[in-house]
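Peer 1: There's a structure below that I have some questions on.
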Amino acid sequence: MTHRKPALLILVASLALVPLVPDMPAVASPDAAVRSLKAVETTATPAADRPDEAVLARPVALAYDDGTVFVADAQDCAIKVFTKDGGFVRSFGRKGPGPGEFSFPSGVCVSGGRIFVADKFNFRVHVLDAEGRPAGGGGFRTGFAPDKIHAIGEGKVLVTSNPSGRPVRESMLHLFDETGTLLWEGLESRAFGDPVYDSFRNMFLVCPDGPDGFYIVFRSEERAVLHFDSGGQALGRVPVDDRYVFKPVDLPFKGPRKTLLGFCWAAASDAGRLYLLEPEAVEGRDLGPGRRLSIIGRDGRLEAVIDLPRRVHRFAVDGRRIYALDEEGELGIFEVVG
Amino acid sequence: MIRPALAFLLATGLGGPLPGDGRARPAGRICASLEEAVPPGGRTALLVFFSTGCAICYDDLFESRLLVERNGWPVAVVGVHLGPYEELKEFLDKYRWDLPVVLDRRKLLFRRYRVTAVPDTVLLLTGGEIAHRSDPYHDHGRRREALRMSLERIFGRGADRQAIPPT
């Protein structure tokens with residue numbers, strides 16, 4: 000696997016450098032009130048009533064854009080499109096390496112009316128129009144297995160990759176323009192000597208911040224989010240309110256027991272706020288998706304907590320609406336109420 | 000967080016018709032339900048939840064069958080697959096798998112047995128009671144050995160180990 004790494008673009012965001020980034024001012028007054036909200040299920044087409052092509056076999060990512068929900072189904076090698084009310088619109092894609100085909104589509108985003116798919120085992124970003132036809136030359140090769148993909152303002156996509164497990168530092172974030180020109184790479188992986196433990200410690204989530212940049216949330220051990228501008232320049236490290244608690248779990252692996260401090264299972268952003276999904280302990284030896292969604296302000300303060308009707312794996316937020324993939328792999332649409 | 004990592008090698012597939020949704024119903028070894036694969040009150044059933052592009056699943060599926068057949072245990076090995084019909088059919092043809100496989104597009108069995116990642120194995124007694132299920136935190140060898148022990152508890156020591164004196 001080759002990672003392109005232009006010398007002038009090594010704006011590393013590794014945790015080793017994080018202490019060099021100034022903390023944002025204010026973490027929360029502990030006395031500040033935290034609102035308690037709940038979300039309720041909206042009426043959507045029951046999964047059992049959908050046509051076969053609308054079945055979500057193994058949904059691994061979703062994106063919301065202008066009234067439409069896009070779901071990447073890695074099992075069916077397809078992107079499945081739904082209305083904001085859950086109505087099925089279309090499915091496109093099939094297994095293969097060619098135009099309009101995917102091999103484990105693991106991420107999806109929309110930019111400028113085009114659909115960008117992280118086509119993991121074809122080692123490319125596939126670009127399609129709204130009907131699912133290849134657009135803009137069909138996309139570009141990445142040189143690595145792309146995992147998730149996010150639109151960062153107009154004309155840029157931020158692609159994540161998983162480290163290979165080798166004890167070397169590898170960039171996990173890659174910023175491209177729409178033609179596939181690499182603009183920036185960063186956020187280097189860390190190695191602690193145990194490849195399994197390393198894989199958990201290197202798990203992170205991306206929350207786009209509109210056209211201004213993006214946030215990085217580590218899934219464990221780090222009670223802070225990293226803020227970058229849209230060019231990959233590190234802007235700061237935002238400590239998160241300590242009322243948002245870690246979820247420790249003992250990893251059941253060989254060798255000395257390792258406790259992992261679970262922090263966030265999934266994350267999204269909307270209107271300048273971060274939405275962090277708390278993980279939940281599973282059988283005392285693992286972490287799984289939770290049902291409590293915390294709203295975090297730009298200053299790291301915990302503003303509110305939303306109780307979801309069920310556990311979710313991935314989600315997107317648009318105002319009071321939450322579009323989520325639940326623990327059974329179904330699309331849930333929730334409305335936040337008082 | 001761990002289970003998805005263990006189950007990372009998942010299959011991909013092609014779109015296709017679904018049994019039970021009013022369209023073409025798959026025939027032969029591809030079954031629309033567990034009841035079709037193993038009639039109620041029939042044999043003990045070993046459900047192997049698998050995905051066609053997953054090497055570990057392939058091992059679990061074929062080694063489970065080998066274990067049962069080699070020891071002559073009266074167990075019906077039943078695959079359970081979630082992906083599209085064409086993908087499953089291609090897999091079964093390629094590997095000449097002639098035992099029943101339930102095409103579980105609507106995740107009925109996945110939900111009933113709370114399977115969230117593959118491979119996973121569930122041993123069902125004739126009354127539907129779960130006699131064994133695999134531990135996703137164990138490696139392939141430990142899972143296979145645990146399955147063997149469960150089957151031996153039910154049916155006695157298998158033919159392939161009868162030559163070995165008990166310890």
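Line by line, the protein sequences are chains A and B.
Position 202, counted from 1, in the first sequence is what numbering that gives the first Met the number 0 calls 201; the numbers after and before it change by one each time, with no gaps.
Position 149, counted from 1, in the second sequence is what numbering that gives the first Met the number 0 calls 148; the numbers after and before it change by one each time, with no gaps.
Heads up, the beta-carbon is just placed ideally off N, CA and C, and yes, glycines get one too.
1) Just the Cα atoms here: how many angstroms apart are T82 (chain A) and L324 (chain A)?
2) If we define contact as Cβ-Cβ less than 7 Å, is V54 (chain A) a contact residue for chain B?
3) Who pairs with W264 (chain A) in a beta bridge, going by DSSP?
4) Counting only C-beta atoms, is G168 (chain B) closer than 7 Å to chain A at any point?
5) Out of A:I295, A:S229 and A:D84, which one is the CA nearest neighbour of E237 (chain A)?
6) Just to confirm the assignment, what range does the alpha helix (DSSP H) spanning G136 (chain A) have?
7) Among A:D228, A:A56, A:G138 and A:F213, which has the Cα closest to the Cα of K119 (chain A)?
8) Would DSSP call E34 (chain B) helix, strand or coil?
9) Can you pull the DSSP bridge partners for W183 (chain A)?
10) Could you check whether the Cβ of L5 (chain B) sits closer than 7 Å to any Cβ belonging to chain A?
11) Where do the ends of the beta strand (DSSP E) carrying F87 (chain A) lie?
12) Looking at G78 (chain B) and V47 (chain B), is the spacing between their C-beta atoms short of 7 Å?
13) Where E184 (chain A) and Q232 (chain A) are concerned, what is the direct C-alpha to C-alpha distance, given to the nearest angstrom?
14) Against chain A, does R132 (chain B) count as a neighbour if the rule is that its beta carbon must be under 7 Å from one of theirs?
15) Look up Y94 (chain B) in the DSSP assignment and give the residues it is bridged to.
16) From this set, B:H131, B:R142, B:S50 and B:R141, which residue's C-alpha is nearest L91 (chain B)'s C-alpha?
17) Which of the three DSSP states is assigned to H139 (chain B) in this structure?
18) By the criterion of Cβ-Cβ separation under 7 Å, what are the contact partners of P83 (chain B) in chain A?
19) Could you check the C-alpha separation between Q74 (chain A) and R57 (chain A) for me, to the nearest Å?
20) Whether or not the segment 183-198 of chain A and the segment 123-131 of chain A are in contact is what I'm after, with contact meaning three or more pairs of Cβ atoms, one per stretch, closer than 8 Å; do they touch?
21) Who are the neighbours of K88 (chain B) on chain A, taking C-beta pairs under 8 Å?
22) Is DSSP giving G209 (chain A) helix, strand or coil here?
23) Does the segment 310-324 of chain A come close enough to the segment 92-107 of chain B that 3 or more CB-CB pairs lie under 8 Å?
24) At a CB distance below 8 Å, what residues from the segment 284-299 of chain A approach chain B? Give them in sequence order.
25) What is the C-beta distance between F217 (chain A) and F245 (chain A), in whole angstroms, given that I count them as a contact (C-beta under 8 Å)?
26) Would R104 (chain B) pass as an interface residue toward chain A - the criterion being a Cβ-Cβ separation below 7 Å?
27) With DSSP collapsed to three states, give me the class of L10 (chain A).
28) Please go through the segment 37-100 of chain B and give each complete alpha helix (DSSP H) segment of 4 or more residues, from N-terminal end onward.
29) Given a threshold of 16 other Cβ atoms within 10 Å of its Cβ, counted over all protein chains shown, does G299 (chain A) qualify as buried or as exposed?
30) Please confirm whether R104 (chain B) and V54 (chain A) have their CB atoms less than 7 Å apart.
31) Report, in whole angstroms, the separation of the C-beta atoms of Y112 (chain B) and V100 (chain B), which I expect to be a contact under 8 Å.
32) For K119 (chain A), does the three-state DSSP call read helix, strand or coil?
33) May I have the straight-line CA-CA distance separating R319 (chain A) from A303 (chain A), to the nearest angstrom?
34) In this structure, does DSSP put D51 (chain A) in helix, strand or coil?
35) Alpha carbon to alpha carbon, how far is F175 (chain A) from V158 (chain A)? Give it in angstroms, no decimals.
Peer 2: Straight from the coordinates:
1) If you draw a straight line from the Cα of T82 (chain A) to the Cα of L324 (chain A), it comes to about 15 Å.
2) True, the Cβ-Cβ gap to chain B drops below 7 Å.
3) DSSP, once it has assigned bridges, lists no residue as partnering W264 (chain A).
4) Residue numbering for chain B in the displayed model covers 0 to 166; residue 168 (chain B) lies beyond these limits and cannot be assessed.
5) The amino acid occupying residue 237 (chain A) in the given sequence is Val; Glu does not appear at that position. It is A:I295 whose Cα lies nearest to the Cα of V237 (chain A).
6) Membership of G136 (chain A) in any alpha helix (DSSP H) is not indicated; the residue belongs instead to the beta strand (DSSP E) covering P133 to R140.
7) Nearest Cα to K119 (chain A) within the set A:D228, A:A56, A:G138 and A:F213: A:G138.
8) E34 (chain B) falls in the helix class under three-state DSSP.
9) A:L174.
10) Per-residue confidence for L5 (chain B) stands at a pLDDT of 38, beneath the threshold of 50, marking its modelled position as unreliable; the derived number appears in the next sentence. Output row for L5 (chain B): interface = no.
11) DSSP places F87 (chain A) inside the beta strand (DSSP E), whose first and last residues are F87 to F91.
12) Their beta carbons are under 7 Å apart, which means V47 (chain B) touches G78 (chain B) by this criterion.
13) Looking at the two C-alpha atoms, the distance is approximately 10 Å.
14) Answer no: the Cβ-Cβ gap between R132 (chain B) and chain A never drops below 7 Å.
15) Note: Y94 (chain B) is not bridge-paired with any residue in the DSSP secondary-structure output.
16) Among B:H131, B:R142, B:S50 and B:R141, the Cα nearest to that of L91 (chain B) belongs to B:S50.
17) DSSP places H139 (chain B) in helix when its eight states are reduced to three.
18) Simply D75.
19) Taking C-alpha positions only, Q74 (chain A) is separated from R57 (chain A) by approximately 5 Å.
20) The segment 123-131 of chain A, when compared against the segment 183-198 of chain A, does not touch it at the 8 Å Cβ threshold.
21) Neighbours of K88 (chain B) on chain A: none; closest Cβ ~13 Å, over 8 Å.
22) Three-state DSSP puts G209 (chain A) in a helix.
23) Judged by pairs of C-beta atoms under 8 Å, the segment 92-107 of chain B does not touch the segment 310-324 of chain A, as fewer than three such pairs exist.
24) Answer set for the segment 284-299 of chain A: R284, D285, L286 and G287.
25) Contact between F217 (chain A) and F245 (chain A) is absent: CB atoms are separated by about 11 Å, not below the 8 Å threshold.
26) Chain A, which has a Cβ nearer than 7 Å to the Cβ of R104 (chain B), makes this yes.
27) Reliability fails at L10 (chain A), whose pLDDT of 33 lies under 50, so the model's placement of it is uncertain and no value is given.
28) For the alpha helix (DSSP H) assignment, the uninterrupted runs of no fewer than 4 residues enclosed by the segment 37-100 of chain B are, from N- to C-terminal side, 54-70 and 84-94.
29) Taking all protein chains shown into account, G299 (chain A) has 16 or more neighbouring C-beta atoms within 10 Å of its C-beta and is therefore buried.
30) Going by beta carbons, R104 (chain B) and V54 (chain A) fall inside the 7 Å limit.
31) Cβ atoms of Y112 (chain B) and V100 (chain B) stay farther apart than 8 Å, at about 16 Å.
32) K119 (chain A): helix per DSSP, three-state reduction.
33) Across the structure, R319 (chain A) and A303 (chain A) are spaced so that their CA atoms are roughly 13 Å apart.
34) For D51 (chain A), the three-state secondary structure derived from DSSP is helix.
35) Those two C-alpha atoms are separated by around 8 Å.
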